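Here's the structure we're looking at; comments come further down.
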Amino acid sequence: MGTKVRWGILSTAAIARKTLIPAIQRAENAEVVAIASGSGKAHEAAQQLGIPTAYNNYEDLLADPNIDAVYIPLPNHMHMEWTMKAAEHKKHVLCEKPAALCEDDVRNMVEACRENGVVWMEAFMYQFHPQHQRVKEILASGEIGAVKSMRASFSFYLAERENNIRMDAKLGGGSLFDVGCYCVHSIRYLLETNPVVLSAHSTYDEQYGVDMTTSGWMRMENGVHALFDCSFDMFARNEYEIIGTNGKIIVPRAYRPDVQQGNGLIIIQTDDGKTREEVVNGDQYRLQVEHFSQCILAGTKPSYSDDAIIQQAKVLDACRVSAETGKVVELTV
Numbered sequence: 004m005g006t007k008v009r010w011g012i013l014s015t016a017a018i019a020r021k022t023l024i025p026a027i028q029r030a031e032n033a034e035v036v037a038i039a040s041g042s043g044k045a046h047e048a049a050q051q052l053g054i055p056t057a058y059n060n061y062e063d064l065l066a067d068p069n070i071d072a073v074y075i076p077l078p079n080h081m082h083m084e085w086t087m088k089a090a091e092h093k094k095h096v097l098c099e100k101p102a103a104l105c106e107d108d109v110r111n112m113v114e115a116c117r118e119n120g121v122v123w124m125e126a127f128m129y130q131f132h133p134q135h136q137r138v139k140e141i142l143a144s145g146e147i148g149a150v151k152s153m154r155a156s157f158s159f160y161l162a163e164r165e166n167n168i169r170m171d172a173k174l175g176g177g178s179l180f181d182v183g184c185y186c187v188h189s190i191r192y193l194l195e196t197n198p199v200v201l202s203a204h205s206t207y208d209e210q211y212g213v214d215m216t217t218s219g220w221m222r223m224e225n226g227v228h229a230l231f232d233c234s235f236d237m238f239a240r241n242e243y244e245i246i247g248t249n250g251k252i253i254v255p256r257a258y259r260p261d262v263q264q265g266n267g268l269i270i271i272q273t274d275d276g277k278t279r280e281e282v283v284n285g286d287q288y289r290l291q292v293e294h295f296s297q298c299i300l301a302g303t304k305p306s307y308s309d310d311a312i313i314q315q316a317k318v319l320d321a322c323r324v325s326a327e328t329g330k331v332v333e334l335t336v
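Per the numbering used here, the sequence shown starts with residue 4, numbered consecutively.
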């Protein structure tokens, strides 16, 4: 392997064409060399995006010896199958979130990647934006005092619902898997702890059977209370707020600062009546690609560990069980 990781893309999904492929092409240590699609769109996408090779099926791409790593933006229910197949072909794997539909599937993916000696990671790109590291620095400084609560929200109004994979329960649709997973992830990531008790409630679409809105409460291992909500039925928001004994931090562009040209924003309010804003710039998709590619080149592990990915799946499982049964769920960390 040279100085750049050679990437193959499994699917011509919009997130691949509009965000990840351009991010790989912006990255200093990565390049896109192939794309595959079972729908016959690979050659058109390759021509439009300047990708040298196109395949009409995923198996041929995985068999290509000139590919080091693959990005998997397939529907949620296909993530485990193709991650494991990629690992068997000794391809490193960046898999779109959520990694799989349940904790057991994620554990199978982790084991397959370990057995085949490949690097893999669930693609929560937002965590690579430097605004969140800055938030951690502010928390560590004690400026807002002891953290007592966190609230995270991610929603948008889904207008086109017919023939939309987000509305297909069998494909892993629903707001919790699509956007709520970011809320859960950011609570765990920013607070650096996991929930021990949680309760979640969902409103389901009568026709499609997916959760349109889910909200939840979690008590974290360190005693902090956390709230989250996600929806396909609300005004667009992607934000979190952390409240301490002496102030609070608001991050209004938490998960998609890229739609604001990468401009993250942190608002700090303290009990002395002062408010200040910090603008933090970053290309989160490129930073994710460069981090993952560097791990491949250097033979190191991603900052987002296997254990953290498994724990993320465990919490999502618990949210789903609580919403479906109406019961509070206790978790072991």
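Where is the CB? At the ideal position from N, CA and C, for every residue including glycine. Note that the coordinates shown come from a computational prediction; the quantities given were computed from them, not determined experimentally.
By alpha-carbon positions, which one of the options ends up nearest to residue i?
{"i": "residue 179", "options": "19, 330, 316", "result": "316"}
{"i": "residue 404", "options": "176, 200, 122", "result": "A query on residue 404 cannot be resolved here, the shown segment of the chain reaching from 4 to 336 and no further."}
{"i": "residue 28", "options": "226, 292, 103", "result": "292"}
{"i": "residue 231", "options": "240, 224, 225", "result": "240"}
{"i": "residue 132", "options": "258, 303, 85", "result": "258"}
{"i": "residue 164", "options": "17, 122, 236, 60", "result": "236"}
{"i": "residue 127", "options": "139, 121, 120, 100", "result": "100"}
{"i": "residue 21", "options": "52, 47, 71", "result": "52"}
{"i": "residue 193", "options": "214, 142, 269", "result": "142"}
{"i": "residue 270", "options": "26, 123, 15, 135", "result": "135"}
{"i": "residue 68", "options": "45, 266, 9, 34", "result": "9"}
{"i": "residue 322", "options": "108, 273, 102, 214", "result": "214"}
{"i": "residue 107", "options": "255, 263, 313", "result": "313"}
{"i": "residue 102", "options": "309, 324, 44", "result": "309"}
{"i": "residue 184", "options": "120, 327, 320", "result": "320"}
{"i": "residue 238", "options": "209, 159, 225", "result": "159"}
Per DSSP, what are the beta-bridge partners of residue i in this structure?
{"i": "residue 99", "result": "126"}
{"i": "residue 198", "result": "223"}
{"i": "residue 57", "result": "38"}
{"i": "residue 229", "result": "153, 221"}
{"i": "residue 207", "result": "214"}
{"i": "residue 30", "result": "DSSP, once it has assigned bridges, lists no residue as partnering residue 30."}
{"i": "residue 333", "result": "200"}
From which residue to which residue does the alpha helix (DSSP H) around residue i run?
{"i": "residue 132", "result": "That residue, residue 132, is in no alpha helix (DSSP H); it is neither H nor E in DSSP."}
{"i": "residue 89", "result": "82 to 91"}
{"i": "residue 252", "result": "Premise fails: residue 252 lies in the beta strand (DSSP E), 250 to 254, not in any alpha helix (DSSP H)."}
{"i": "residue 179", "result": "Taken as a continuous stretch (DSSP letters only), residue 179 belongs to no alpha helix (DSSP H), as it is neither H nor E."}
{"i": "residue 105", "result": "Premise fails: residue 105 is in no alpha helix (DSSP H) and is neither H nor E."}
{"i": "residue 23", "result": "Where residue 23 is concerned, there is no enclosing alpha helix (DSSP H), given that its DSSP letter is neither H nor E."}
{"i": "residue 163", "result": "That residue, residue 163, is in no alpha helix (DSSP H); it is neither H nor E in DSSP."}
{"i": "residue 49", "result": "45 to 52"}
So the beta strand (DSSP E) residue i belongs to, where does it begin and stop?
{"i": "residue 157", "result": "150 to 160"}
{"i": "residue 3", "result": "What the structure shows of the chain is the stretch from 4 to 336, and residue 3 is not part of that stretch, so it cannot be assessed."}
{"i": "residue 75", "result": "72 to 75"}
{"i": "residue 8", "result": "8 to 13"}
What do you reckon, is the C-beta of residue i under 7 Å from a heavy atom of the ligand FAD?
{"i": "residue 332", "result": "Within the structure as shown, the ligand FAD is missing, as the structure has no ligands at all."}
Does the structure place the region 194 to 205 close enough to the region 318 to 334 that three or more beta carbon pairs sit under 8 Å?
Enough Cβ pairs lie closer than 8 Å, so yes.
Please give the ranges of any beta strand (DSSP E) in the region 260 to 315, keeping only runs that are unbroken, at least 3 residues long and fully inside the region.
266 to 273, 278 to 284, all fully within the region 260 to 315.
Count Cβ pairs between the region 110 to 128 and the region 75 to 89 that sit closer than 8 Å; are there 3 or more?
By the C-beta criterion, the region 110 to 128 is judged to be in contact with the region 75 to 89, since at least 3 inter-stretch pairs fall below 8 Å.
Contact between the region 286 to 300 and the region 165 to 174: three or more CB pairs below 8 Å?
Counting Cβ pairs under 8 Å, fewer than three are found: no touch.
Determine, using beta-carbon pairs with one atom in the region 181 to 192 and one in the region 149 to 162, whether at least three such pairs fall under 8 Å.
Yes: the two stretches touch, three or more of their Cβ pairs being nearer than 8 Å.
I want to know whether the region 55 to 65 touches the region 32 to 39 - three or more CB-CB distances under 8 Å.
Yes, since at least three Cβ pairs between the region 55 to 65 and the region 32 to 39 fall closer than 8 Å, the two stretches touch.
Could you tell me whether the region 89 to 99 touches the region 66 to 76, using the rule of 3 or more Cβ pairs below 8 Å?
Using a Cβ-Cβ distance cut-off of 8 Å, the region 89 to 99 and the region 66 to 76 are in contact, since at least three pairs of beta carbons, one from each stretch, lie closer than that value.
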